[in-house]
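Number of protein chains: 4
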Amino acid sequence: MQVAIFGASGYAGGELIRLLDAHPGFDPTHLGAHTQAGKALGEVHPHLDGGDRVLAPNDPEMLPDETDLVFLALPHGASAEIGVELVDAGISVVDLGSDFRLDTHERYLLAYGSEHPYPHRLADWVYGLPELFDVSGATSVASPGCYPTSAIVGLAPIIAAHLVDPTSITVNAVSGVTGAGRKLADQFLFGSVAEGVVAYGVGTHRHRPEMEMALEASSGVESVNVTFTPHLVPMQRGIVATSTAPLGHAVERSEVLDVLREAYAGRPFVEVVEEPPQSRWTVGSNKVLVTAYVDRHSDSLVVISALDNLVKGAAGQAIQAANIMTGQAETKGLPLSGWLP
Amino acid sequence: MQVAIFGASGYAGGELIRLLDAHPGFDPTHLGAHTQAGKALGEVHPHLDGGDRVLAPNDPEMLPDETDLVFLALPHGASAEIGVELVDAGISVVDLGSDFRLDTHERYLLAYGSEHPYPHRLADWVYGLPELFDVSGATSVASPGCYPTSAIVGLAPIIAAHLVDPTSITVNAVSGVTGAGRKLADQFLFGSVAEGVVAYGVGTHRHRPEMEMALEASSGVESVNVTFTPHLVPMQRGIVATSTAPLGHAVERSEVLDVLREAYAGRPFVEVVEEPPQSRWTVGSNKVLVTAYVDRHSDSLVVISALDNLVKGAAGQAIQAANIMTGQAETKGLPLSGWLP
Amino acid sequence: MQVAIFGASGYAGGELIRLLDAHPGFDPTHLGAHTQAGKALGEVHPHLDGGDRVLAPNDPEMLPDETDLVFLALPHGASAEIGVELVDAGISVVDLGSDFRLDTHERYLLAYGSEHPYPHRLADWVYGLPELFDVSGATSVASPGCYPTSAIVGLAPIIAAHLVDPTSITVNAVSGVTGAGRKLADQFLFGSVAEGVVAYGVGTHRHRPEMEMALEASSGVESVNVTFTPHLVPMQRGIVATSTAPLGHAVERSEVLDVLREAYAGRPFVEVVEEPPQSRWTVGSNKVLVTAYVDRHSDSLVVISALDNLVKGAAGQAIQAANIMTGQAETKGLPLSGWLP
Amino acid sequence: MQVAIFGASGYAGGELIRLLDAHPGFDPTHLGAHTQAGKALGEVHPHLDGGDRVLAPNDPEMLPDETDLVFLALPHGASAEIGVELVDAGISVVDLGSDFRLDTHERYLLAYGSEHPYPHRLADWVYGLPELFDVSGATSVASPGCYPTSAIVGLAPIIAAHLVDPTSITVNAVSGVTGAGRKLADQFLFGSVAEGVVAYGVGTHRHRPEMEMALEASSGVESVNVTFTPHLVPMQRGIVATSTAPLGHAVERSEVLDVLREAYAGRPFVEVVEEPPQSRWTVGSNKVLVTAYVDRHSDSLVVISALDNLVKGAAGQAIQAANIMTGQAETKGLPLSGWLP
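Protein chains in written order, with the working numbering: chain Z, 513 to 853; chain E, 513 to 853; chain G, 513 to 853; chain R, 513 to 853.
Encoded structure:
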């Protein structure tokens, strides 16, 4: 099956290339870029086996005729137009961006403060977190953000089981730098990031509405309310999300872990663990590791999940969705082991 | 004034030596150690200007007669006996350990699960967070833990001003590796720490009771209840504590910042800032940087504070207390600038 | 084909498991360990997809009957006995350790200062750097060290072409911490390694005799003499070797690069590049990137090569040799792309 | 004594502010910047105790009348004009840039490939490496580069003692990112630097002519010829220079160390050590740590030195020179201990 990538020059785009090059069912035949179009792949991503490949433009007109599916890894706002155009042309799309993730225009306005160009098309897109939403047969999938994936996988079954008060959830998360994309800014220099941690987007991060939407939709519980504070830490990849919420009623830790285990029984990419998972253990794999603790002193539940923001948080999860959309095995071409010893 | 350090071979001990060597009012004449006693200072701490100094034993009997004050930087449990012995001998003590931090035996039992050898002496010690507790004239001071310092400085004025519900506070914190001390364990190898983040001590960390005690004592508000989750991140030094709590009533961000500014007016080591402080900015200085945000969507308050766990979180704060105890200027010998550009 | 790993609990052992799990031609059916035998794989290597696998002992007696080949990833000195025993039992061996790398007992004594238990068996082993030594059909292969691989790949064709004075070669190399193995020592703590670089083994590193042997054997030039200084740098993986030697005669840079390109024409895992290669670009792949510069001011040649010490410097190269030994494609199961964007 | 800094917004400028704020003999009254002029000091350098200070322009006209000395921390080429103007106005200058380091126009042309605007003024400037060149009474001092300082301190006494062949010296060095200045470029992003090492400026780095000049001038030996290869490693600060040269004649290691010890007897900022010095040990101090090894196998000498590129390699050494120029104690305001435990 021939696939294309638009936005191949970024971190998520590079990761898509790396994973698709090793995927037995997809052949990435068009690697599109914006300002980097025309450059050799090996120049833009010197870690990849570039061969003689050259980046093409992010242009639907230039796609090979046989293209079955396009992965969009574009900046916010750049997917809306192209996504609709491709879908209307009968090409399947997995959008790694945020343009089609929210289900209603109201939520979109709340998250972004501006009008969506195709508000009536939002409902056409399936939220591509395959463990919680059914993407089989879908032709347009909005792949989740990295922070939302980490928080939602941990919290959704717990909210669905009414173990916590859903109106008072605190999500604190830490992420490596690739989560912010390949941006040239003073705050992303090695000399600004190493040996430091900093919170950002306090109270305003666009991933909060996405978390609330997906937690409500997957659990059937309304009025999910999240306080979300992300932090940048000095590492390349990896997210740990630590979510705290008041217990709904007294419960043992083992019961909570059972709820998580049952929710993800048979799902190869979610593993319920007994100890707090280190983000390292997931780096390179498409797995989420999740655990939970009952804090009797404060009558609260603490849920901890870890993933690789570029794999399960971006390129890997997009390929997982594409596998299911196209009737292939969910795990095809996706690593279950990480890299860091 | 002649001072001694017991526990000079650890990270906090080394930092005490570095700061006291540059302090115009204290002369560190006895550097005690346990298993490292007898080794050259330059061998144990190759970054220090060791000269021909050699580590002595952690033995009160061997202190020079003129010793005015002893800093204890010993493992948990090792200060109780020595601390009482020194105080009884008329020598002032600043204990950087946790043996004398809690005010009652009940809290001690809750935190440590074992009896304190001198429970009736706990009340003799002043909690050495000088911005909130008066250590002037004290002769026995229990210097706060690094996580508690970061959380308490941010939260105490806010709880005192009844801005939040004190019974439902979530404190998430991240720390560099020196916070755990100089321990030889697989989990502290470079090949285990770099490129990863991990939570630990979930629901069981002994710093939680310390936070609750100090927040109650400094604010006069009872029933402070904290859910505390610390995380290890790949850096040498630095803590960011992010505390979230339901708002007590509607309030503007500017009012919250004013509460913080008023609480710390005239205090050189607490700076209220407008942006989330990066832990880097405090590394090497004795400062806490603190800010707060009102999240209207979730009706909660987010307080963020940053400090260097080895300076304001350990050696610097101990010297700050010793300065005040001995009638010297609070800032003497303590840097107001950090190191990391 | 069924294979076994002895020494599966170390960094190289874990990397062997990760690569062999994804290899279509080898099935790792016995994972041996020493002190960690009996532990779950997922406990020892939490980044791997452990499943219900448990580590077995490093015991040839316990190998499944159908075992075709054993990878030895043992500490220095531990391979000699087991290696000979396995070979004598008709099982192929790839030894990632240093016991069988040197060709003569003289060189072994020089490198290690002690007698080899089977000196007469040294000549039976082929040095497993497949780009320079023929391992096809071999049944006992000594896989090269990480530093030697990096230096030899860059220097061998240049020495063979008489471009430099072989008696005066300076090799300076830097390595990430996994090159030293998974050792519990103060000098390998995060708090000792981060933010620092240090040389070690100056003039005494056992990889120097290995480099000299392989450079002589591969080039046919005698009297190769190397001054080798390795350095530890704060990263997980990766080596850059920078080799400097007096020019044999005037030469253009393009001629030198042509010599390298011709030497490695058709070899998928060596890539000659125009710019100094960053070690990051190779991390996760089995590639060596190499370049060279002519310094006219000093009439010297500077050769720079980069690789991942755990892949091309250890597990990957061992599998590359095993592929060739067993008649499979050299590249089977071995990544040509790295991980780090 | 009132001093000024031009170029206060860069890494070296910030370090000058930090050190001068704590210096009892110098008062930094004018902090000049180019594009950042007008910004609050605390905004440009959030780690410093900015107070209400604001950056002024890099303009000699705006200096306070009582300014005794100006530190120039400007990009290459920007010091020539201002330096001459200040000197002609009777103000002492310490230039941390490279405009006045080379002694002759020939060497300048070789290093930079362009004409110096004031070639006849080059000889007026003293090379500010106080351990080897006399800066007492000087009014215009060119402070050395970071790499040259590290290599020269180690090699100068050894060349002067004719222990090595000076025509065949290989200097390999590694540096943290602050050595490159505060530049916004893709190659300096955290996501490009962490977990990698890369050589750069091979055969062309402008610090090579500076090393050769200073080694010749300080030793009296002509025809010093250096092959210099610098590398960028993932850390904030610190340099290790490893220099290798053929032995001039047979010598014991102890004799070499004695030559170094005698050369630096009584110099507080150079310490001869027995083990390879880790760059960490010097970070924050104004020290160079140096050692040497005799390699009998290759008849070569390996000299290893370590320093903090922003202190002894920049701001600290400039203040050391200013101390001597103005008749103050060499060590005034300069730390002898490092920061990293």
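By construction, the Cβ of each residue, glycine as well, lies at the ideal position given by its N, Cα and C atoms.
Fair warning: this is a prediction, and the values are worked out from it, not measured in the lab.
- Residue 699 of chain Z: not part of any beta strand (DSSP E); DSSP gives it neither H nor E.
- For residue 688 of chain Z, same chain residues with a beta-carbon under 7 Å away, outside a window of 5 residues either side, are 745, 747, 748, 749, 750, 821 in chain order.
- Looking at E:551, E:513, E:514, E:556, the one whose alpha-carbon comes closest to that of residue 524 of chain E is E:556.
- Under the DSSP assignment, residue 830 of chain E falls in the alpha helix (DSSP H) whose first and last residues are 828-837.
- In the three-state DSSP reduction, residue 722 of chain E falls in the helix class (H, G or I).
- According to DSSP, residue 517 of chain R shares a beta bridge with R:543, R:583.
- When only Cα atoms are considered, residue 760 of chain R and residue 674 of chain R end up about 7 Å apart.
- Z:725 is the residue among Z:725, Z:671, Z:701, Z:730 whose C-alpha sits nearest the C-alpha of residue 622 of chain Z.
- Contact check for residue 819 of chain R against residue 803 of chain R fails: the beta carbons are separated by 7 Å or more.
- Residue contact with chain R for residue 587 of chain G: absent (no Cβ-Cβ distance below 7 Å to any residue of chain R).
- Counting C-beta pairs with one atom in each stretch, the stretch 710-724 of chain E and the stretch 734-745 of chain E have three or more that are closer than 8 Å, which means they touch.
- When CB distances to chain G are screened at a threshold of 7 Å, the residues of the stretch 704-717 of chain R falling below it are 707, 708, 709, 710, 711, 712, 714, 715, in chain order.
- Excluding residues up to 5 positions away in sequence, nothing lies with its Cβ nearer than 6 Å to the Cβ of residue 590 of chain R in the same chain.
- Contacts with chain E (Cβ-Cβ distance below 7 Å) from the stretch 682-693 of chain R involve 690, listed in chain order.
- At a cut-off of 7 Å, the C-beta of residue 669 of chain R has no neighbouring C-beta in chain G.
- A straight-line Cα-Cα distance of about 55 Å links residue 565 of chain G and residue 564 of chain E.
- The stretch 760-788 of chain Z contains, as complete alpha helix (DSSP H) runs of 4+ residues, the segments 765-775 (chain order).
- Under a 10 Å Cβ-count criterion, residue 850 of chain E is classified as buried, with 16 or more other Cβ atoms of the shown protein chains found around its own Cβ.
- With a minimum length of 3 residues, the unbroken runs of beta strand (DSSP E) contained wholly in the stretch 594-662 of chain E fall at 604-607, 652-654.
- Within chain G, no C-beta atom comes less than 9 Å from the C-beta of residue 567 of chain E; the nearest is roughly 16 Å away.
- Counting only Cβ-Cβ distances below 9 Å, residue 666 of chain E has no contacts in chain R at all, with the closest Cβ about 18 Å away.
- With a cutoff of 7 Å on beta-carbon distance, residue 694 of chain E and residue 654 of chain E are scored as not near each other.
- Bridge partners of residue 737 of chain G according to DSSP: none are assigned.
- The straight-line gap separating the alpha-carbon atoms of residue 777 of chain Z and residue 643 of chain Z is approximately 10 Å.
- With contacts defined as CB atoms closer than 7 Å, residue 827 of chain R and residue 567 of chain R fail to qualify as a contacting pair.
- Assigned with DSSP and collapsed to three states, residue 667 of chain R falls in helix.
- Chain G places no beta carbon closer than 7 Å to that of residue 723 of chain R, leaving this residue out of the contacts.
- A residue is called buried once 16 or more other Cβ atoms fall within 10 Å of its Cβ, and residue 574 of chain Z, having fewer, is exposed.
- Nearest to residue 606 of chain Z by C-alpha distance, out of Z:569, Z:649, Z:789, Z:678, is Z:649.
- Residues of the stretch 529-548 of chain G whose Cβ lies closer than 7 Å to any Cβ of chain Z, in chain order: 530, 533.
- Nearest CB-CB separation between residue 513 of chain Z and chain E: not below the 7 Å threshold.
- In this structure, DSSP gives residue 813 of chain G an extended state, which the three-state scheme calls strand.
- Among the residues of chain E, those whose CB is under 7 Å from the CB of residue 805 of chain Z are 714, 715, following chain order.
- Not one beta carbon of chain E lies nearer than 7 Å to the beta carbon of residue 772 of chain R.
- Residues of the stretch 740-753 of chain G with a C-beta less than 8 Å from any C-beta of chain E: 746, 747, 748, listed in chain order.
- Annotation: residue 800 of chain Z is outside any alpha helix (DSSP H); the continuous beta strand (DSSP E) that includes it extends over 800-807.
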